[in-house]
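Right, one structure below, let's go through it.
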Amino acid sequence: MQRADSKQHKLIYGLDIGTRSIVGTVGYMEKDHFVVVAQKVREHETRAMLDGQIHDIGAVGEMIRDVTDELEKELDITLSQVCIAAAGRVLQTVTTSVEIDLEGEKLITKEDIFALDSYGIEKAYEEFQKENELDMKFYCVGYTVMRYYMNHYPMSNLENHKAKIIAADLIATFLPDDVVDGLYKAVELAGLEVANLTLEPIAAMAVAIPQMYRMLNIALIDVGAGTSDISITKDGSIVAYGMLPVAGDCLTEDIARHCLVDFTTAEMIKRGIEHSDTVEYKDIMGLPQTISKEEVLSVCSDNLTEMAEQAADKIMELNGGKPVSAVFVVGGGGKIEGYTQLVADRLGIARERCALRGEEVMQKIDFLPGDIKKDSMLVTPVGICLNYYEQSNNFVFVTLNGERVKLYDNNKLAVVDAAIQAEIPNDALFPKRGESLTFTFNGKQKLIRGERGESAVILLNGEPADIHTPIRGNDRIEIKESTAGVPAVMELGKLAEYNQEIHITVNGQNITLPKFASANGELQSAFYQIREGDEIELLNYYTVQQVTEVMDVQLDPAMQILINHEPADMDSKVYDNFTLEWKLAEEKTEETKEPEQEAEAGTVVELAAKTEASSEPVKPAEEVQADAEAGEQEQPDRADVQESRKMSRPGGSMLEKARQSAQQIADAPITEEVEEELKQMRANAAAERIAAFATAYNSGQGMPQPVQTTQHEQLKPVQPPVQQIAQAQQEPVSQVEQTPPAQQKPVQAQPPEQQTVQVQPSADAITAVTVTVNGEKLTLTGKKDYIYVDVFDHIDFDLSKPKGKTVETLINGRKAQYVEPLKTGDVLDIFWKD
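Numbering-wise (our numbering), the sequence shown opens with residue 640 and increments by one.
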């Protein structure tokens, strides 16, 4: 019968590891009854335990193994897991309340209730640590929910209700680390694994005071050999726990001293008076002796009274200074005659309301073995098994980086729980960022975060894992701490705001100008590396002087300057969407200034000047060549002209900064993403325009001559650089031989509908370059020189429709830059790359 039952049901193995004995119980739950299929009791041969705490772990472990072997043999099964209960003289309890907002009405599940309970335990532990500055560690060995709340209203069971807010009042109990460790080690030595850990008064309460009685204000005293465990019920729940380090052993010691016997013989005498008026024994001298019941009670009276009064006082303390309505007593220590009466008298309640409880409270406990009698001593052993169904909470041990770590097992343990218990800091698990960079941008604080480092490397039993990987008892965890990332680095040109532009209208023409940026008051290039604490300012304006310098136009001092139709001067500021105009003043000159037209660095600035009153036609090429040879001696030294221009024009420092910025932007590699790449190409184009002007300004080579106009003339509007580039690529360029300045005649501008660009030739002639692009020959014509980006105007490669993450640009087998010069014979490869 027993063997059949053991195979048909899941058996629960409970051990009551007491001060005087170890009781092993195996059973199963069937509907609302618990069926005990086997039970074994072994008394300690030595005092391996005192006051509920293990002193000799090895001896207790051997005793547990003996009891387990007997049960396995009787049931013909193997027992591997066991439920246990803890007791100790340093029990600490914390009462707390917790609440969880479910963020909207939802159906409450067991998971929600478990989360609420776990939150309560964590909060109780935090409160316990704040209130108790103790050197030793404490662990939660059990908890009891006093009351649940649903939307702020009391509710006995939350499951399957709908609620927005759930809450709970609970009591959590804590015992010192050494008490819990001793129990676990003894069980481990016996070859068993702890399936559930509870507190002895919680276990006793599960049997002695059923739920139906807990609406009453009742106290339960579990009097064992080493401790007296107390719990209080009220209003349907357990409201308090307590524990006293005085129990039956103090009476046994009185008997041993009086009768001159060892502890085991004294324990036999104490139990003997329960069934007989006299007890026979031999003292340590071997002499036979007899003692009466009255004499034993007289010997124990002082300690018995002290033990009962301490229990009654503890009940009053836990019950708010008031006596309870009734007291249930269980356990072997409370069976001695007179104990219940003394407790009742101390509390001031009727003696009949303080009584031993055994068979009366075990109506739903069935014992299959016929030789087991329901008794108050069996309440706690059976309660330990029943507690398994109420809450499966225990401790497990894992190895973390070679160290043994003990964890409270809530059936949801993960690697992160072991790391927290081992006091590994969070930044050792998660990637650490490098140092941040803080600076001021246009008066506002800006923060650039450092790069993320590498996450911790985690191995669970030799296999890769992460912090959320579930763990079990005896798992081996290895954690290699995370690393810090690279400190934040930011270049000026990589700021999103850096590539902004200013749009203005100059004499009716729309002009686009790139913004300048300064660091700590000094203009910097795009590749300036921002330092901690820098003050970066992005200038959102140009002065009139700067506009004329960028456009390479020199205004006569007598000219009238208007900004938004209001009078201005060369230092006035021109902001985005402003209108800038200048009107020419009269200037008496003996000879007309001759225009100079040029297409260099991919830009064309078209300037025209009118001739004098005589409209002399342009000389043929032969005459121009002859004049050039005759006037060669009259040309000034070019180096002197360059130096003179540098010294005479203001703003050179600013334009030099712009030139450097443009060159560095042009040399920058393409970005990872196509969208960023297109954005950078537009920025490069804008920067190259201003760099071209700046280069011409500072070098004096191939630079358009400033135009002085008469009072009867108006300066022809300048084309925006982008339009100039497009026009230069589409329109043919005519070439003429160089003519000495003294012999040059003004060039007459063509009407707009027949407009052509006249370029004054320099030492560099317009050339043609033949290259190979993606395996096909391509000849570039119409310019003096060519850069890589020019080929995009002649091949079928649509950058607006990405076919990959980046555009790969190669020249002669190596990576190329967009502004890299081209020469005949170069081999170019252009393709999309993921």
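Yeah, the Cβ is synthetic: ideal placement off N, Cα and C, and Gly gets one too.
Are the Cβ atoms of residue i and residue j separated by less than 9 Å?
| i | j | result |
| --- | --- | --- |
| Leu836 | Val784 | no |
| Gly1022 | Val846 | yes |
| Ser876 | Ala858 | no |
| Ala782 | Ile752 | A quick correction: the sequence has Tyr, not Ala, at residue 782. In this structure, Ile752 does not lie closer than 9 Å to Tyr782 by Cβ. |
| Gly971 | Gly863 | yes |
| Tyr1181 | Val1189 | yes |
| Ile723 | Leu822 | yes |
| Ala811 | Tyr764 | yes |
| Lys1071 | Thr1079 | no |
| Val737 | Ala802 | no |
| Val969 | Thr904 | no |
| Ala965 | Arg992 | yes |
| Ile693 | Val818 | yes |
| Lys679 | Glu701 | no |
| His897 | Val963 | no |
| Ser940 | Gly977 | yes |
Relative to the alpha-carbon of residue i, which residue among the options has its alpha-carbon at the smallest distance?
| i | options | result |
| --- | --- | --- |
| Asp705 | Asp916, Ala845, Val826 | Val826 |
| Gly887 | Ser660, Tyr1167, Asp1210 | Ser660 |
| Gly1101 | Gly1092, Arg1091, His1107, Asp1114 | Asp1114 |
| Glu1205 | Lys649, Asp1195, Phe1217 | Phe1217 |
| Thr1077 | Val1018, Val680, Ile1175, Thr658 | Ile1175 |
| Pro884 | Ile912, Lys932, Lys921, Glu945 | Glu945 |
| Arg985 | Lys1003, Val1000, Glu948 | Glu948 |
| Glu1136 | Ala1123, Gly1124, Pro1153 | Pro1153 |
| Met1129 | Gly1112, Glu1093, Gly1147, Glu1074 | Glu1074 |
| His1142 | Ser867, Ser1094, Asp1215, Ile954 | Asp1215 |
| Gly649 | Val676, Pro793, Ala1057 | The sequence shown places Lys at residue 649, rather than the Gly named in the question. For the residues Val676, Pro793, Ala1057, the minimum Cα distance to Lys649 belongs to Val676. |
| Ala687 | Val674, Phe673, Ile703, His672 | Ile703 |
Out of curiosity, what's the CA-to-CA distance linking residue i and residue j?
| i | j | result |
| --- | --- | --- |
| Lys1119 | Leu1099 | 12 Å |
| Ile894 | Leu957 | 32 Å |
| Val1410 | Ala1165 | 32 Å |
| Ile912 | Val935 | 8 Å |
| Thr929 | Glu906 | 15 Å |
| Asp1173 | Ile1059 | 40 Å |
| Thr1144 | Ala1123 | 51 Å |
| Gly663 | Leu1007 | 15 Å |
| Pro1460 | Gly1082 | 40 Å |
| Phe1475 | Val1055 | Look at the range of the chain in this structure, 640 to 1473, and you will see that residue 1475 is not part of it. |
| Leu755 | Gln731 | 21 Å |
| Ser719 | Lys824 | 15 Å |
| Val721 | Ile1011 | 21 Å |
| Cys1024 | Glu1090 | 54 Å |
| Gln1139 | Gln1199 | 30 Å |
| Leu855 | Tyr1027 | 25 Å |
| Thr1187 | Ser1121 | 56 Å |
| Gly1112 | Tyr778 | 17 Å |
| Glu1093 | Ala1067 | 10 Å |
| Gly1464 | Thr1420 | 15 Å |
| Ser867 | Ala1095 | 48 Å |
| Leu1131 | Ile1087 | 12 Å |
| Val1408 | Lys1422 | 9 Å |
DSSP three-state label for residue i, please.
| i | result |
| --- | --- |
| Ile651 | strand |
| Asp916 | coil |
| Tyr1167 | coil |
| Pro1020 | helix |
| Pro962 | coil |
| Pro1153 | strand |
| Ala607 | The question about residue 607 has no answer here: the residues shown for the chain are numbered 640 through 1473. |
| Arg896 | helix |
| Asp1424 | coil |
| Asp1014 | coil |
| Leu838 | strand |
| Val1128 | coil |
| Ile860 | strand |
| Gly911 | helix |
Is residue i near the ligand GTP, judged by its Cβ being under 8 Å from some heavy atom?
| i | result |
| --- | --- |
| Asn799 | What this structure holds is no ligand at all, so the ligand GTP is not there to describe. |
Legend entry - Entirely enclosed beta strand (DSSP E) segments - the region 668-750, minimum 3 residues: 672-682, 720-725, 731-746
Inset, instruction - Enumerate, from N- to C-terminal direction, the unbroken alpha helix (DSSP H) stretches of 4 or more residues contained entirely within the region 1033-1063. - result: 1054-1060
Legend entry - Unbroken stretches of the beta strand (DSSP E), 3 residues or longer, contained in the region 748-803: 777-789, 792-794
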